[in-house]
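Residue numbering for the sequence shown follows our numbering, beginning at 36 and increasing consecutively.
All C-beta atoms in this analysis are idealised placements derived from N, C-alpha and C, irrespective of residue type, glycine included.
Reviewing the structure listed below.
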Amino acid sequence: MILFKKADTFGQIALIIGFIIFGLVSRNESFIYGYFVVGAWQVVSAIINYGLCRNMPFVKERDVYYKILLWTLGIGVISFIVTPVLIYYLFAILFLTPFVAIYYCWLSYRELNMWEGKKLIHLK
Numbered sequence: 036m037i038l039f040k041k042a043d044t045f046g047q048i049a050l051i052i053g054f055i056i057f058g059l060v061s062r063n064e065s066f067i068y069g070y071f072v073v074g075a076w077q078v079v080s081a082i083i084n085y086g087l088c089r090n091m092p093f094v095k096e097r098d099v100y101y102k103i104l105l106w107t108l109g110i111g112v113i114s115f116i117v118t119p120v121l122i123y124y125l126f127a128i129l130f131l132t133p134f135v136a137i138y139y140c141w142l143s144y145r146e147l148n149m150w151e152g153k154k155l156i157h158l159k
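Take a look at the structure:
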């Protein structure tokens, strides 16, 4: 599981930095692809962490991330039903999701450090 956590954490870091550089270099709207790639990676990672890593220690802020995901999904469904609200929802996620992505990456990094610390404790 520690290999998964390392690949997940460093994959997120590489994707975020890569798409920031790509957005600065391309200077057009193609940086939006980064939202979908990083977002998909992190949602899949959250599902895997929720399902397979439940017996591993995790940071308590991970629950906050799950709540953010559920609220974002719920508000998104409501905004598609009440279409005048949709533009505000899309505008909000355009600016808020990069912060959520960095937050989840930070959570993953903290958990990786926690898992590696636990590994060292077992060596004593």
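Note to self: So, with DSSP's three-state summary, where would you put C88?
What the structure shows: Taking the first residue of the sequence shown as 1, we reach residue 88 at position 53. Three-state result, C88: coil.
Next item on the list: Could you tell me whether the Cβ atoms of L50 and V72 are closer together than 8 Å?
Entry: For the purposes of this step, residue 50 is taken as residue 15 along the sequence shown, with counting starting at 1. For the purposes of this step, residue 72 is taken as residue 37 along the sequence shown, with counting starting at 1. Yes. Within cutoff.
Notebook entry, point to check: Does at least one heavy atom of the ligand PLP sit under 7 Å from the Cβ of V79?
Noted result: For the ligand PLP, the structure offers nothing, since it holds no ligand at all.
Item checked: Distance, R145 Cα to Y70 Cα -> Taking the first residue of the sequence shown as position 1, residue 70 is located at position 35. Taking the first residue of the sequence shown as position 1, residue 145 is located at position 110. So the two alpha carbons sit approximately 22 Å from each other.
Check: Among W150, R62, V135 and E151, which one has its Cα closest to the Cα of W76?
Finding: Against the sequence shown, residue 76 aligns to sequence position 41. Measuring C-alpha to C-alpha distances from W76 to each of W150, R62, V135 and E151 identifies V135 as the nearest.
Next item on the list: Measure the CB-CB distance between Y124 and I103 and report whether it falls below 8 Å.
Entry: Here residue 124 corresponds to residue number 89 of the sequence shown, with the count starting at 1. Here residue 103 corresponds to residue number 68 of the sequence shown, with the count starting at 1. For the 8 Å CB-CB criterion, Y124 and I103 do not form a contact.
Next item on the list: Buried or exposed for L129, please, with buried defined as at least 16 other CB atoms from any protein chain shown within 10 angstroms of its CB.
Entry: One-based indexing of the sequence shown puts residue 129 at position 94. L129 sits exposed, since fewer than 16 C-beta atoms from the chains shown fall within 10 Å of its C-beta.
Checklist line | Beta-carbon separation (whole angstroms), C88 vs M36, contact threshold 8 Å | finding: In the sequence shown, counting from the first residue as 1, residue 88 sits at position 53. In the sequence shown, counting from the first residue as 1, residue 36 sits at position 1. About 6 Å; that satisfies the 8 Å criterion.
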